[in-house]
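Written below as structure tokens is the structure these notes are about.
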Amino acid sequence: MSVLLRTEGVHKSYGGVRALDTCTIEVDEGTVTGLIGPNGSGKTTLFNVITGYAKADAGEVYLADRRITNIAPDKVFALGIGRTFQLTRIFPSLTVMENMLVASQHHRTGARKRAIEQLEFVGIAGYHASLAGTLSYGQRKLLELAYVLVADPAIILLDEPAGGVNLSLVNHIAARIRELNAAGKTFLIVEHNMEFVMGLCQQVTVLDSGTVVAAGPPDIVRTDRRVLDAYLGEDIEDIEDTDEDPDPAEGT
Amino acid sequence: MTEQAMEPGTSTTARSILKIDGLVAGYGGGDVLRGVSLEVSEGGITCVVGPNGAGKSTLMATISGLLRPRLGSMMLDGQDLVGRSPRQVLQLGVVQVPQNHSLFRDMTVRENVELGGYILSDRALTARRLAAVFEVFPQLAGWAGQKAGSLSGGQQRLVEFARALMLEPRVLMLDEPSMGLAPKILRTVFDAIRRMNAAGTTILLVEQNARAGLRLSTHGIVMENGRVRLSGTGREVLENPEIGALYLGGVVSPG
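Chains as they are written, first to last, in my numbering: chain A, 1 to 252; chain W, 1001 to 1255.
Given below as structure tokens:
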């Protein structure tokens, strides 16, 4: 199996906060790989760096053998990395079909036909003439998935696909991902719903404080002590003594 | 209220000041809390932990009156909190420090703390409370005249705590006080929680850092998927091997 997407020693800081610290991950072609970790561990920041929405301070991003570090989001998309967002990004005042056609701008011929196919695949073709803003939250997630699929990317990055949607829709989304994966599509998925991640992914990478603490098959990862430590936090007894005298001067 | 320090395991005789039974609540789409029952012991620190989406913050919002439950009861010392407005809940003595930093940055520390007593109509009482709060947090005296926005994140948390103490809460609710703070500063904040508790304040704490939160607390509760899955003394919960499975799914071997 070859590595389709990898990051190498990526660093990214916001102000004084280190969001990614020597972050190195690999996604094998043809896998569904999960990216998990406690809140604030850097998952979405890593997505942003990979897709060009944030600039890495150091380190590299490769798609197959091509270096794609810090190139613009539209170029990343054109090179074959599709992505959804934690909070869906659609055009609410355009119809569902119009949203789909925006995604097809690089491949105009047969765009409408492909759009309908993808809407049918995710199960919202019946809404093609509705304004996207009138869709439910779950339907918006499906629209975003269809929107990404229409460009036929080599790898799809999903940011919390199961977040905030009901159980039957979670199962529906998981089934669609399985079907696409069976046909060879590669996925990298950020998700907090552990049942979803552990049931769907062949590989799981765990981030804590911006760095990888474990990577492997779900059953290995979820029994890894370091993963548990990442989720349960640092015991107060283990935090070294601080002489931080709360002095306002240092806070300015 | 007594000032005794409660050792984990010795607090079972303590009276429950807040009793929640069968609470069901959510936002539009579906229920986030699916029948939550728990008790908060007077004079203790009760810590609620659990993975993302377990319903911890929703529980706080429901107790505070920001979210009306569909079912269930919440009794504060015999008075039902269900159906009361946030202001009424506050007047009954349940005070919440929110997760996000909430000080008025351009006002001084003293002004921010005083604002905590805005529902008090008696100026003399406000002054007495302010003095009492400064006694719990002596370091505040040094910052009193500074703008709150000039303080570090950890210092701002202390000011938020002080502001909440102005109402002499019967239950002080802290929503993830460690959020966004460096580990070293975490210790300062947790010391402050201990100090408020030692001064007699009953605390209901929601904490993302489960280990640190449970270690600090007399009582621990693990929520998962809208329900209470484990409860006991802080130490019992901390040492229960099932806690890992609740966070990561499957079975996690202890050790």
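Where is the CB? At the ideal position from N, CA and C, for every residue including glycine.
Contact list for residue i against chain A, beta-carbon separation under 8 Å
i         : result
W/Ala1210 : Tyr231, Leu232 and Gly233
Opposing strand residues paired with residue i [DSSP bridges]
i         : result
A/Gln203  : A/Thr33
W/Gln972  : It is not possible to answer for residue 972 of chain W, since the shown part of chain W is limited to 1001 through 1255.
A/Leu5    : A/Val27 and A/Leu63
W/Tyr1118 : Bridge partners of W/Tyr1118: none, in fact.
A/Gly82   : A/Ile156
W/Gln1155 : Paired residue(s): none; W/Gln1155 is not in a bridge.
W/Asp1031 : W/Gly1026
A/Tyr14   : A/Val17
A/Ala215  : A/Thr205
As assigned by DSSP and simplified to three states, the class of residue i
i         : result
W/Arg1084 : coil
A/Gly126  : helix
W/Asp1191 : helix
W/Leu1067 : coil
W/Glu1239 : helix
W/Gln1208 : coil
A/Leu20   : strand
A/Ala162  : coil
A/Ser136  : coil
A/Lys55   : coil
W/Ala1054 : coil
W/Asp1021 : strand
W/Gln1079 : strand
A/Asp208  : strand
A/Ile116  : helix
W/Thr1046 : strand
A/Lys75   : helix
W/Gly1244 : helix
W/Leu1059 : helix
A/Lys337  : Outside the shown range of chain A, which is 1 to 252, sits residue 337 of chain A, and nothing can be said about it.
A/Val150  : coil
A/Arg226  : helix
A/Met100  : helix
W/Leu1038 : strand
W/Met1074 : strand
W/Ser1102 : coil
W/Ser1231 : strand
Reference residue i, options the options, closest by Cα
i         : options                                       : result
W/Arg1211 : W/Gly1234, W/Ala1245 and W/Ala1131            : W/Gly1234
W/Val1040 : W/Val1048, W/Val1024 and W/Leu1033            : W/Val1048
A/Glu8    : A/Leu20, A/Asn193 and A/Gly216                : A/Leu20
W/Cys1227 : W/Arg1129, W/Gly1026 and W/Ser1178            : Here the sequence assigns Arg to residue 1227 of chain W, which means Cys is not the residue at that position. Answer by Cα proximity: W/Gly1026.
W/Leu1181 : A/Val17, A/Arg66 and A/Thr24                  : A/Val17
A/Asp57   : A/Cys23, A/Glu29, A/Ile124 and A/Pro73        : A/Cys23
W/Val1159 : W/Glu1176, W/Val1189, W/Ala1199 and W/Pro1183 : W/Val1189
A/Leu188  : A/Asn39, A/Thr44 and A/Gly233                 : A/Thr44
W/Asn1225 : W/Gly1117, W/Val1113 and W/Gly1053            : W/Gly1053
W/Ser1102 : W/Ile1221, W/Asp1175 and W/Gln1088            : W/Asp1175
Chain A residues whose Cβ lies nearer than 7 Å to that of residue i
i         : result
W/Gly1244 : Leu228
8 Å Cβ cut-off: residues of chain W touching residue i
i        : result
A/His192 : Pro1051, Asn1052 and Gly1053
A/Glu195 : Gly1249
Interface partners of residue i on chain W, CB under 9 Å
i        : result
A/Glu117 : Result: empty, since nearest Cβ-Cβ is about 29 Å, beyond 9 Å.
A/Glu144 : Going along chain W, no residue has its Cβ under 9 Å from A/Glu144, so there is no contact; the nearest lies around 17 Å.
Residue i: contacting residues in chain W (beta-carbon distance under 7 Å)
i       : result
A/Asn39 : Asn1052 and Gln1208
Given 8 Å, three or more beta-carbon pairs between the stretch 1095-1107 of chain W and the stretch 1165-1182 of chain W: As far as the Cβ criterion goes, the stretch 1095-1107 of chain W touches the stretch 1165-1182 of chain W, which means the pair count is three or higher.
Does the stretch 132-151 of chain A come close enough to the stretch 169-176 of chain A that 3 or more CB-CB pairs lie under 8 Å? Judged by pairs of C-beta atoms under 8 Å, the stretch 169-176 of chain A touches the stretch 132-151 of chain A, as three or more such pairs exist.
Contact between the stretch 1149-1167 of chain W and the stretch 1057-1072 of chain W (3+ Cβ pairs under 8 Å): A contact is defined here as three or more CB-CB pairs under 8 Å, and the stretch 1149-1167 of chain W fails this definition with respect to the stretch 1057-1072 of chain W.
Quick check: the stretch 66-86 of chain A against the stretch 150-166 of chain A, are at least 3 beta-carbon pairs closer than 8 Å? These segments touch.
Would you say the stretch 1194-1204 of chain W touches the stretch 1113-1127 of chain W, given that touching needs at least three Cβ pairs under 8 Å? With the cut-off at 8 Å, the stretch 1194-1204 of chain W and the stretch 1113-1127 of chain W do not touch.
Across the stretch 24-39 of chain A and the stretch 197-209 of chain A, are there enough close Cβ pairs to call them in contact, namely three or more that are closer than 8 Å? Result yes; three or more Cβ-Cβ pairs closer than 8 Å.
Three-pair Cβ contact test at 8 Å for the stretch 90-99 of chain A versus the stretch 130-140 of chain A: Contact between the stretch 90-99 of chain A and the stretch 130-140 of chain A is present, because at least three Cβ pairs lie under 8 Å.
Check whether the stretch 38-55 of chain A touches the stretch 109-123 of chain A, taking contact to mean three or more Cβ pairs, one atom from each stretch, closer than 8 Å. Not touching, per the Cβ criterion.
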